[in-house]
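Reviewing the structure listed below.
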Amino acid sequence: MTRKRRRLYMVLAGMATLGVAAALILTAFQDNIVLFCSPSDIQSKASCAKRDIRLGGLVEEESVTRDADGITISFRVTDLSNSVPVTYKGILPDLFREGQGVVTEGTVNAQGIFVAREVLAKHDETYMPKEVADALKQSGQWRDETEAQ
Amino acid sequence: MSAEIGQFALILALLVSMVQSSLPMIGAAKGNSTWIALSRPSAILLFALIVLAFAALTQAFVTSDFSVATVFRNSHSAKPMLYKISGVWGNHEGSMLLWVLILTGFGAAVAGFGKNLPPTLQARVLSVQAMITLGFLAFLIFTSNPFERMFPAPLDGRDLNPLLQDPGLAFHPPMLYAGYVGFSIAFSFAVAALIEGKVDAAWARWVRPWTLAAWITLTAGIALGSWWAYYELGWGGWWFWDPVENVSFMPWLMGTALLHSAIVVEKRDSLKVWTILLAILTFSLSLIGTFIVRSGLLTSVHAFATDPERGLFILVLLAIAIGGSLLLFALRAPALTSGGLFSPISREGGLVLNNLLLTVATFVVFVGTLGPLLLEATGTKISVGTPYYNAVFVPLMVPLVAVMAVGPMMPWKRAELGAVLSRLKFAGFMTVVAVLVTAYLQDGGPVLAIAAIGFAAWLFVGALVEWAERVKLFRLPLADSLNRAIKLPRAAHGMTLAHAGMAVAIAGMTGSAAWKTEDIRITRPGETIEVAGYSYLFEGLKPVEGPNYRAEEGTFIITKDGEFIAKLTPQRRLYNVQNMPTTEAGIHTTGLEDLYVVVGDPDGRGGWTTRIYHEPLVPWIWAGCLIMVLGGTVSLSDRRLRVGAPVRSKRWQAKSGTGGLGAQA
Chain A
34 MTRKRRRLYM VLAGMATLGV AAALILTAFQ DNIVLFCSPS DIQSKASCAK
84 RDIRLGGLVE EESVTRDADG ITISFRVTDL SNSVPVTYKG ILPDLFREGQ
134 GVVTEGTVNA QGIFVAREVL AKHDETYMPK EVADALKQSG QWRDETEAQ
Chain B
28 MSAEIGQFAL ILALLVSMVQ SSLPMIGAAK GNSTWIALSR PSAILLFALI
78 VLAFAALTQA FVTSDFSVAT VFRNSHSAKP MLYKISGVWG NHEGSMLLWV
128 LILTGFGAAV AGFGKNLPPT LQARVLSVQA MITLGFLAFL IFTSNPFERM
178 FPAPLDGRDL NPLLQDPGLA FHPPMLYAGY VGFSIAFSFA VAALIEGKVD
228 AAWARWVRPW TLAAWITLTA GIALGSWWAY YELGWGGWWF WDPVENVSFM
278 PWLMGTALLH SAIVVEKRDS LKVWTILLAI LTFSLSLIGT FIVRSGLLTS
328 VHAFATDPER GLFILVLLAI AIGGSLLLFA LRAPALTSGG LFSPISREGG
378 LVLNNLLLTV ATFVVFVGTL GPLLLEATGT KISVGTPYYN AVFVPLMVPL
428 VAVMAVGPMM PWKRAELGAV LSRLKFAGFM TVVAVLVTAY LQDGGPVLAI
478 AAIGFAAWLF VGALVEWAER VKLFRLPLAD SLNRAIKLPR AAHGMTLAHA
528 GMAVAIAGMT GSAAWKTEDI RITRPGETIE VAGYSYLFEG LKPVEGPNYR
578 AEEGTFIITK DGEFIAKLTP QRRLYNVQNM PTTEAGIHTT GLEDLYVVVG
628 DPDGRGGWTT RIYHEPLVPW IWAGCLIMVL GGTVSLSDRR LRVGAPVRSK
678 RWQAKSGTGG LGAQA
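Below you can see the structure in the form of structure tokens.
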């Protein structure tokens, strides 16, 4: 096999693998990406209402309650203009607190309640998730003291 | 006082790195041997200065000198000594100083161990290394000075983030950084080779041990990080495809490709241009990783407080380093001539396929990590999580693992696929056995998971078969085989170990993904929970005092069929200074499975939320990583891989039993 031939094969093999990967990436992006929505988005955008999303905002003050079964926890996530009721079954992360930023992953059910599969709070209590900060900025509720750590 | 010494050492180091990045390079171009000779002592001086600075910062942490701002923000007088020391790198400024320490350490190692490198190549390598050092020292001094003083000095510090106060995480950053930064040597060698216009087998022999050392520490660092996430975060998960995890994983994938392609350059004088490109890209990905973690560009559950202005500085550094090296590559690479020919079915062909798949896999992770960022510019906010990687990354790993068993069996240049596969009959048979046994034990179970166990068995047995063939196990008397095993190059043992370790890790990952059971409920003291055949008796909670935290400690007695298995004591800690709660999981491992218990909040009616995981095969993930690290280390100790091998092998062997570079790793 000549050098040129070999190079041609290698380039073709490379292109083929990249092509397959690109196809996989594109289909995966269609089916598996998770949109990030703020509580206001859920009310206004259809794309946020029907599929798996990440909902981010602040845990509303005095909204955390525990259901009768003791494990299911309900709270509201707010961007300070709108808020969405959320239920979650499980142990909350250590840094989950009222008034703190939170990101949850799940879907909105028929009753308009967001059923979370996962609740993420950040490792650092002074840290505000970027999406949450942006959501707050969008709803015009951003205050600098929230930003200053 | 020590802070000023450290500051002074840093500034001196900046000046030294300016000299080292310019004069030896010019000297090598002009043939000025004095300037060329400058590179070695200056690389060692540079390292000594950074060691001094690092020691000064460590002293400030150990003695709790809160007049130093970094110490005030990240330490506390009541903190245990281990975390006072790990606090040195548990913050932005200190971790960047550690970065530079390792960077110059590698430079000094090239100066010290590379005595028989051609002087011009060594001068150029050290010069490029000094350029990187220069950039990061400037970053350190101008944007993140670790020695900044506070006046008046506060009485006590703000403590280190409690999640970082953990033995696993104390050593995670140094390992990870040693890996990241270790690839800088491969990068410097690549850039130097482009300037020299020469890449040959000798060049590959010099590059490989450094790449291998970096790969070993990066593997260990990533494993340590995921182990920490597993036991400290209390979610029972060990990998989250989080951007910060991904940025350490990308250099690993690329570095693994580099490790394999360097073999082809060394043995067959082929794939040179590609190897140079891989070396540049691997370190570029390390730089990108540092940039992402330090800039706060990406949101991540791992993101600690970050600072965008520093990000801009690193972005500029990044543009110069990556842009410059790629430009040089574009200009000079066509001049490199390629050597040996090979057919697609050959060991080279297998390694090319390995490279192809690993590179594409890196690309996939890259898109998943940085894609959301680009999309955000168009106004759509998305996050890419596990489903994406399961759909794209896993299919790429399937052919990779399949070929991993076959590749090492193939001869160089040309191979008969049929002949090679027939030598793997036993591996194929064992694969079928593994699949059947798993299917029987798991009652059918998820088909994909059973297939994955099959692949792991294929790889594991395939790696062992290759080794057994080499030592002619069972074909010669055992003593002869043993003799052959002793004579076998260490790199061959290393490869077998690394590949087998990968197989063990794959089995572990599969087990945790497919057969994990989870039980969440409210439990009152005295109640018993049954999970996967084990009974967990919850005895209740009692308060515990730690050095800088208070905790509630739960007690669980685990029994199986009435027989005592273990007593687990998970804790809920509250760290006094930062008023931050953390969860300490209670874990009992049998080697085959982990029993994992977490205590959550009280329900106010006498019960606590408890979460119990039964995690089959999970310990194998880290066992596999450990075997891979061991394989890498064995390979690194190979006499042929030593930098000084051709000339000084005898003396080297006498001097250091296990290998010259092992100590550097």
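If you're matching them up, the sequences are chains A and B in order.
Sequential numbering from 34 applies to the first sequence in the numbering used here.
Sequential numbering from 28 applies to the second sequence in the numbering used here.
C-beta: ideal position from N, C-alpha, C; glycine also.
Could you tell me the distance, in whole angstroms, from the CA atom of B/W241 to the CA atom of B/L353?
The amino acid at residue 241 of chain B is misidentified as Trp; the sequence shows Ala. If I take the Cα positions, the gap works out to 22 Å.
Given this structure, state the Cα-to-Cα distance separating B/E175 from B/M158, to the nearest angstrom.
Each residue's alpha carbon lies about 25 Å from the other.
Since B/S562 is in the alpha helix (DSSP H), which residue starts that stretch and which ends it?
Going by DSSP, B/S562 is part of no alpha helix (DSSP H) but of the beta strand (DSSP E) stretching over 561 to 572.
Tell me, please, whether the CB atom of A/Y42 is closer than 8 Å to any CB atom in chain B?
yes
Using the beta-carbon of each residue, which ones in chain A are nearer than 8 Å to B/D183?
Those do not exist, as B/D183 stays about 18 Å from chain A at its closest Cβ, beyond 8 Å.
Are the C-beta of B/G195 and some C-beta of chain A separated by less than 8 Å?
B/G195 is outside the set of residues whose beta carbon lies under 8 Å from a beta carbon in chain A.
For A/T111 and chain B, any beta-carbon pair shorter than 8 Å?
no
With a threshold of 16 other CB atoms inside 10 Å of the CB of A/Q63, please say whether the residue is buried or exposed.
exposed
Taking only runs of the alpha helix (DSSP H) that begin and end inside the stretch 404 to 437 of chain B, which ones reach a length of at least 4 residues, in chain order?
413 to 433
Return the Cβ separation of B/F99 and B/G195 in integer angstroms, given the expectation that the two are a contact with Cβ distance under 8 Å.
Wrong, their Cβ atoms sit about 26 Å apart, outside the cutoff.
Relative to the alpha-carbon of B/A80, which residue among B/M123, B/E496, B/V155, B/G521 has its alpha-carbon at the smallest distance?
B/M123
From A/T140 to A/F147, what distance separates their C-alpha atoms?
Straight-line spacing of the CA atoms in A/T140 and A/F147 works out to 6 Å.
Does the count of Cβ pairs from the stretch 512 to 532 of chain B and the stretch 655 to 667 of chain B closer than 8 Å reach three?
yes
Which runs of the alpha helix (DSSP H) fall wholly inside the stretch 91 to 156 of chain B and span at least 4 residues, in chain order?
96 to 101, 108 to 113, 119 to 140
Under a three-way DSSP split, which group does B/G686 fall into?
A caution first: B/G686 carries a pLDDT of 36, below 50, which makes its placement in the model too unreliable to give a value.
Report the residues of the stretch 79 to 90 of chain A with a CB closer than 8 Å to any CB of chain B, ordered along the chain.
If the cut-off is 8 Å between Cβ atoms, the stretch 79 to 90 of chain A has R87 near chain B.
Where DSSP assigns a beta bridge to B/A593, which residues make up the other side?
B/I585
Using three-state DSSP, classify B/M536 as helix, strand or coil.
helix
Taking just the CA atoms, how far does B/F216 sit from B/M529?
Taking the straight line from one Cα to the other gives about 28 Å.
Excluding the 5 residues preceding and the 5 following B/L384 in the sequence, name in chain order all residues of the same chain whose CB lies nearer than 7 Å to its CB.
Within its own chain, the residues whose Cβ lies closer than 7 Å to the Cβ of B/L384, once the five positions on either side in sequence are excluded, are L423, P426, L427, listed in chain order.
For B/A454, does the count of other Cβ atoms within 10 angstroms reach 16, so buried, or fall short, so exposed?
buried
Take the Cβ of B/T302 as the centre, count every other Cβ of all protein chains shown within 10 Å, and call the residue buried at 16 or more, exposed below.
buried
Below 8 Å between beta carbons: does that hold for B/L286 and B/T238?
Contact: yes.
Pull up the DSSP beta-bridge partners for A/S107, would you.
Looking at the DSSP output, A/S107 bridges to A/T98, A/T120.
Are the Cβ atoms of B/N575 and B/H119 separated by less than 8 Å?
no
Please name the residue, chosen from A/Q133, A/P118, A/R130, A/D127, that lies closest to A/A149 on a Cα-to-Cα basis.
A/P118
Please confirm whether B/A484 and B/T458 have their CB atoms less than 8 Å apart.
yes
Can you list, in chain order, the residues of its chain with a C-beta nearer than 6 Å to that of B/A330? Leave out the 5 residues immediately preceding and following it.
Its pLDDT being 44, under 50, B/A330 is placed unreliably by the model, and the measurement read from it follows with that caveat. Closer than 6 Å at the Cβ level, and outside the excluded window around B/A330, lies no residue.
Going by DSSP in three states, B/A578 sits in which element: helix, strand or coil?
strand
Looking at B/L153: is its Cβ nearer than 8 Å to the Cβ of B/Q86?
Taking 8 Å as the Cβ cut-off, B/L153 and B/Q86 do not qualify as a contacting pair.
Taking 8 Å as the threshold (beta carbon to beta carbon), is A/F69 in contact with chain B?
Output row for A/F69: interface = yes.
Where does B/T610 fall in DSSP's three states?
strand
Between which two residues does the alpha helix (DSSP H) harbouring A/A149 extend?
Here A/A149 belongs to no alpha helix (DSSP H); instead the beta strand (DSSP E) covers 147 to 153.
Reducing DSSP to helix, strand and coil, say where A/A181 ends up.
Annotation note: pLDDT 34 at A/A181 (below 50); position unreliable, coordinate value reported separately. If DSSP states are grouped into helix, strand and coil, A/A181 belongs with coil.
Skipping 5 residues on each side, what residues in its chain have a beta carbon closer than 6 Å to that of A/E158?
Only weak support exists for where A/E158 lies, its pLDDT of 45 falling under 50; the value from the coordinates is given anyway. Excluding residues within five positions, the ones whose Cβ falls inside 6 Å are L128.
Comparing alpha-carbon positions, which option in B/D193, B/A289, B/A256, B/W268 lies nearest B/F214?
B/A289
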